[in-house]
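> Chains as they are written, first to last, in the working numbering: chain A, 728 to 969; chain B, 467 to 719; chain C, 4 to 233.
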Amino acid sequence: MIEFKNVSKWYDTFQVLKNCNTKVDKGEVVVVCGPSGSGKSTLIKCVNGLEPFQQGEIIVNGESVSANATNLNRLRSKIGMVFQSFELFPHMKVTDNINLAQIKVLGRSVEEATTKSMTLLKRVGLEEHAHKFPGQLSGGQQQRVAIARGLAMDPIAMLFDEPTSALDPEMINEVLDVMTGLAKEGMTMMVVTHEMGFAKRVAHRVIFMDYGEIVEDATTEDFFGKPRSERAVQFLSKILHH
Amino acid sequence: MNYNWNWGILFQTASDGSGTYLTYLVVGLGWTLATALAAWVLALSVGAVVGTLRTTPTPWMGRFCYAYVEIFRNVPLIVQMFLWFFVLPELLPEALGSAMKQMPPPWGSYVPAVLCLGIYTSVRVAEQVRAGIQSLPRGQRMAGTALGLTLPQTYRHVILPMAVRIVLPPLTSEFLNVIKNSSVALTIGLMELTGRARSMQEFTFQVFEAFAAATVIYLLTNLVVVLGMRYLERRVRVPGLISASGDAQMAGH
Amino acid sequence: MFAGFDFDVIQRSVLYLFREGMTFTLTLTAMAMTGGIVFGTLLAMMRLSSYAILNVPAGAYVNLMRSLPLVLVIFWFYFLVPWIGGWIVGAGQPIQVGAFWSAVITFTMFEAAYYCEIMRAGIQSIARGQVWAGYALGLTYWQTMGKIVLPQAFRNMLPVLLTQTIILFQDTSLVYVISATDFLGAAVKVANRDYRLVEMYTFVAVVYFILSFTASYFVRWLQARFAVIR
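Given below as structure tokens:
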């Protein structure tokens, strides 16, 4: 479904991604982890072309992201994305946040879009907040709205860029629960996160990145059971014991 | 449709017979700068005092300075020009008023223009100075007081030296504004750069040459001022101090 | 101090001053504000574009306008607009434009440079993630700008935009130099006809003060309210 082939990216002379090769199959949940600055957020933003890359290729659903012939807007509309700082549109009510792209990109009618939005809000447990503004919600609630916003496009895959990093500890689980539910239903997911508990429970594979390189790409049992690289061992010992 | 371009006009003798039209315009620039500089000195002195007083804890002083700022900020510059030129001499005592009216040209226009621009700009300088002082950490003032300095001493030795450096960049753009605003003085008969371009156009009918020449002279002047002020800023920079460029001052001319 | 002044002249002319002059001033302000904000926003988007073909000309235009005295710009457009108009309609000669439309064009073009810098700061104040979120949903550049970035930028910058409009309102009095009958121009006509300069100019100053002061007071009130909500 998503395939990275020799992807490299530079900011001026600084290389942030080095020859990254991996793939995410349909229905698979892949967690990307690594120290901050390792390039994991950049990698996931390359999938829908938010970050351009200079070398290599990313194939999403048979289409190359960087090819000129690709309609990037259409491709993006098929991939949901959830950001670290939610990025709900603060000047729009919750329903309007979820409706916007349904109407503007998919061409749904207002009624259709609203029905869909309400169904999804119910699913993330926020239907009674439909008419509030994002600023009136807690961080955890905002992130659940952001997930609903992505799902409203009926995506073929979902990207999560550190979805719980900006949350207070007591709100992390309500977001992870929604994500776990999604994974159980067979959604293809690529998740950048430090939540190793979530990775252990939900992920099929774990990718470990450091200094822009994919250092380890293994099944979840292998990664946590017998990590091969010294860097991954160190990372795991730091993150699991803090 | 053809406009008859004639750039040679710049090198023909001007209507006042003093030299070529180019010299005529450059002399205009001289008057622009003479007006702007004098107004600038006035604006800095008055503005620094008013801006500083607005930050002191004396209520009646603050209120007086507030009124001063609001009055000169909320009346259009050209109307203020008219007030200084036409109205003030009538309100002054007879002797002084007629002395003002009888000043020989160009001083009869120059003096009111400088006073008007100076006071008008002093309000903007005052606001910059006030913002600069208020952007200083409050601890600075307390540190001064804690050392046993009096309030004037704290201002003199602690607050103002820092504030001056903070407000220097916005004051640069205020100086550029005075240069531009001095063109309004043509309405009370001061033959500065824009005024001379206008009169050159009236005498020669070479509209676009006259205004294009004035435009180029203004752009060059801007460039020189910006470079000069940048040099000055580098000279007085305090290592490690971040200058506060106000986005509050974004609106303006 | 005001002995011997004829304040009656104000009463005699007040209707004319407002009906003719103030109408001109306010119409000009409103039109130049609308045009200036629209054109200024486009300029801001161009200046923030990564394409040199867009950001270089926009930057040059804005810097040119901001470097020149408004009076000079008024003269420029007063003479330039008839020529450009004649060229557009294909007439063999400059066309008659009249002081009002000349002023509307001048102030729109001039103020756009100032509104541009305000909107540019406003757009830049919107976190990059908002743009990403728009793109990630498949919205186009124009949809992302129109639905997400500009509404927020506009709201954040509303007080500054209004302050600039008050400055514009005051600046329109400079149409005096092309003999237009704005509020000041009307007063000048009465002043010269009745030889009542002192009374008329004082009155004009007072009216401008009251209007500008009230408006800026309103802007500060708005700013305080917005500051709480944000």
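Each residue gets a CB set at the ideal place from its N, CA and C atoms; glycine is no exception. In this text, all values refer to a predicted model and were calculated from it rather than measured experimentally.
Closest to A/G862 by CA distance: which of A/V832, A/T891, A/K820 and A/M885 is it?
Taking the first residue of the first sequence as position 1, residue 862 of chain A is located at position 135. The shortest Cα separation from A/G862 among A/V832, A/T891, A/K820 and A/M885 belongs to A/K820.
> Could you tell me whether the Cβ of C/Q127 comes closer than 8 Å to any Cβ of chain B?
Taking the first residue of the third sequence as 1, we reach residue 127 of chain C at position 124. No, C/Q127 lies away from the interface with chain B (no Cβ there is under 8 Å from its Cβ).
> Just the Cα atoms here: how many angstroms apart are B/N470 and B/V702?
Residue mapping note: residue 470 of chain B aligns to position 4 of the second sequence, counting from 1. Residue mapping note: residue 702 of chain B aligns to position 236 of the second sequence, counting from 1. Distance between the alpha carbons of B/N470 and B/V702: 51 Å.
> Using the C-alpha atoms, what's the distance from B/N643 back to B/G584?
Reading the second sequence from its first residue, position 118 is the one you call residue 584 of chain B. Reading the second sequence from its first residue, position 177 is the one you call residue 643 of chain B. If you take the alpha carbons of B/G584 and B/N643, they lie about 11 Å apart.
> Once the 5 residues before and after C/I151 are set aside, which same chain residues still bring their CB inside 6 Å of it?
Numbered from 1 along the third sequence, position 148 holds the residue referred to as residue 151 of chain C. The residues are Q133 and G137.
> Alpha carbon to alpha carbon, what distance is there between A/M880 and A/E804?
Against the first sequence, residue 804 of chain A aligns to sequence position 77. Against the first sequence, residue 880 of chain A aligns to sequence position 153. Rather than Glu, the amino acid found at residue 804 of chain A in this sequence is Ser. Whole-angstrom Cα-Cα distance: 7 Å.
> For B/A710 and B/I654, what's the separation of their Cα atoms in angstroms?
Working through the second sequence from its first residue, we reach residue 710 of chain B at position 244. Working through the second sequence from its first residue, we reach residue 654 of chain B at position 188. Low per-residue confidence applies at B/A710: pLDDT is 43, beneath 50, and the placement is therefore not dependable, though the value from the model is reported in the following sentence. In a straight line, the C-alpha of B/A710 is about 37 Å away from that of B/I654.
> What's the gap between the Cα of B/I625 and the Cα of B/V507?
Counting from one through the second sequence, the residue named residue 625 of chain B turns up at place 159. Counting from one through the second sequence, the residue named residue 507 of chain B turns up at place 41. Approximately 21 Å, taken between the alpha carbons.
> What residue range is occupied by the uninterrupted beta strand (DSSP E) comprising B/V591?
Translated into the one-based positions of the second sequence, residue 591 of chain B becomes position 125. Element bounds for B/V591: not the beta strand (DSSP E) but the alpha helix (DSSP H), W573 to S601.
> Could you list which residues in chain B have their beta carbon closer than 8 Å to that of C/F78, in chain order?
Here residue 78 of chain C refers to the residue found at position 75 of the third sequence. Within 8 Å Cβ-Cβ: T660, A663, R664, Q667 and F677.
> Give me whichever residues DSSP pairs with A/C773 in a beta bridge.
Numbered from its first residue, the first sequence carries residue 773 of chain A at position 46. BP columns for A/C773 are empty, so no partner.
> Who are the neighbours of C/A208 on chain B, taking C-beta pairs under 7 Å?
As a working note, residue 208 of chain C is residue 205 in the third sequence. Near C/A208 (Cβ distances below 7 Å), the residues of chain B are V541, V545 and L549.
> Hey, does A/L847 have any beta-carbon neighbour from chain C nearer than 8 Å?
In the first sequence, residue 847 of chain A corresponds to position 120, counting from 1. Cβ-Cβ to chain C under 8 Å: no for A/L847.
> Hey, quick one: how far does the alpha helix (DSSP H) through A/I785 stretch, first residue to last?
In the first sequence, counting from the first residue as 1, residue 785 of chain A sits at position 58. From DSSP, A/I785 is part of no alpha helix (DSSP H) but of the beta strand (DSSP E) over Q782 to V787.
> Strictly under 8 Å for the Cβ-Cβ distance: is A/N788 near chain C by that measure?
Stepping through the first sequence from its first residue, residue 788 of chain A is reached at position 61. It does not: the Cβ of A/N788 has no partner Cβ on chain C nearer than 8 Å.
> Could you check whether B/A592 and B/V633 sit closer than 8 Å to each other, using their CB atoms as the reference points?
Mapped onto the second sequence, residue 633 of chain B falls at position 167. Mapped onto the second sequence, residue 592 of chain B falls at position 126. It is not a contact, given that the beta carbons lie outside the stated cut-off.
> Which word fits A/A794, buried or exposed, when buried means at least 16 other C-beta atoms lie within 10 angstroms of its C-beta?
Taking the first residue of the first sequence as position 1, residue 794 of chain A is located at position 67. Exposed: under 16 other Cβ atoms inside 10 Å.
> Would you list, in sequence order, the uninterrupted alpha helix (DSSP H) runs of no fewer than 4 residues that lie entirely inside the region 785-852 of chain A?
799-804, 821-831 and 837-850, all fully within the region 785-852 of chain A.
> Per the DSSP calculation, A/N886 is bridged to which residue(s)?
Indexing the first sequence from 1 puts residue 886 of chain A at position 159. Checking the sequence shown, residue 886 of chain A turns out to be Leu, not Asn. Note: A/L886 sits in a beta bridge opposite A/M808 and A/M917.
> For B/E640, which of B/A505, B/G574 and B/M666 has the nearest alpha-carbon?
As a working note, residue 640 of chain B is residue 174 in the second sequence. For the residues B/A505, B/G574 and B/M666, the minimum Cα distance to B/E640 belongs to B/A505.
> Using DSSP with H/G/I as helix, E/B as strand and the rest coil, what is A/Q742?
On the first sequence, position 15 is the one that residue 742 of chain A refers to. Three-state result, A/Q742: strand.
> Which residues, in order along the region 564-585 of chain B, keep a beta-carbon less than 9 Å from a beta-carbon of chain C?
Residues passing the 9 Å Cβ filter: none.
> Between the beta-carbon of C/P72 and the beta-carbon of B/T638, is there less than 8 Å?
Translated into the one-based positions of the third sequence, residue 72 of chain C becomes position 69. Translated into the one-based positions of the second sequence, residue 638 of chain B becomes position 172. Not closer than 8 Å, so no.
> Nearest by alpha-carbon distance to B/S665: which of B/N468, B/A480 and B/G474 is it?
Working through the second sequence from its first residue, we reach residue 665 of chain B at position 199. Minimum Cα distance to B/S665 is reached at B/A480.
> Identify the residues that DSSP records as bridge partners of A/F731: which are they?
If you number the first sequence from 1, residue 731 of chain A lands on position 4. Paired residue(s): A/T749 and A/I785.
> Applying the 10 Å Cβ sphere with the 16-neighbour rule, what's the burial state of B/T518?
In the second sequence, residue 518 of chain B corresponds to position 52, counting from 1. It is buried - the Cβ of B/T518 has at least 16 other Cβ atoms within 10 Å.
> Shortest alpha-carbon distance to B/L656 belongs to which of B/V682, B/L689, B/H623 and B/A579?
Locating residue 656 of chain B in the second sequence gives position 190, counting from the first residue. Selected option, being the one with the closest Cα: B/A579.
> Is the beta carbon of C/L165 closer than 8 Å to that of C/V222?
Translated into positions along the third sequence, residue 222 of chain C becomes position 219. Translated into positions along the third sequence, residue 165 of chain C becomes position 162. The answer is yes: Cβ separation under 8 Å.
> Along the region 52-83 of chain C, what residues have a CB closer than 7 Å to any CB found in chain A?
Flagged: no residues at all.
> Looking at A/L967 and A/M923, is the spacing between their C-beta atoms short of 8 Å?
Here residue 923 of chain A corresponds to residue number 196 of the first sequence, with the count starting at 1. Here residue 967 of chain A corresponds to residue number 240 of the first sequence, with the count starting at 1. Taking 8 Å as the Cβ cut-off, A/M923 and A/L967 qualify as a contacting pair.
> Taking the runs of the alpha helix (DSSP H) that are 4 residues or longer, which of them lie wholly in the region 603-642 of chain B?
Within the region 603-642 of chain B, the complete alpha helix (DSSP H) runs of at least 4 residues are 604-612 and 617-620.
> Could you work out which residues of chain B lie near C/S215, taking near to mean beta carbons separated by less than 7 Å?
Counting from 1 along the third sequence, the entry for residue 215 of chain C is found at position 212. Per Cβ cutoff of 7 Å: N540.
> Work out the CA separation of C/S219 and A/G1039 for me, nearest whole Å.
Limits of chain A in this structure are 728 at one end and 969 at the other, which puts residue 1039 of chain A out of reach.
> Around the Cβ of A/N775, are there at least 16 other Cβ atoms within 10 angstroms (buried) or fewer (exposed)?
Residue 775 of chain A sits at position 48 when you count from the first residue of the first sequence. Answer is buried; the Cβ neighbour count reaches 16.
> Measuring CA to CA, which of A/F935, A/V872 and A/L878 is closest to A/E912?
What you label residue 912 of chain A is simply residue 185 of the first sequence in a count that begins at 1. Ranking the options by Cα distance to A/E912, first place goes to A/L878.
> Determine, using beta carbons only, whether B/F552 comes closer than 8 Å to chain C.
Locating residue 552 of chain B in the second sequence gives position 86, counting from the first residue. B/F552 counts as touching chain C.
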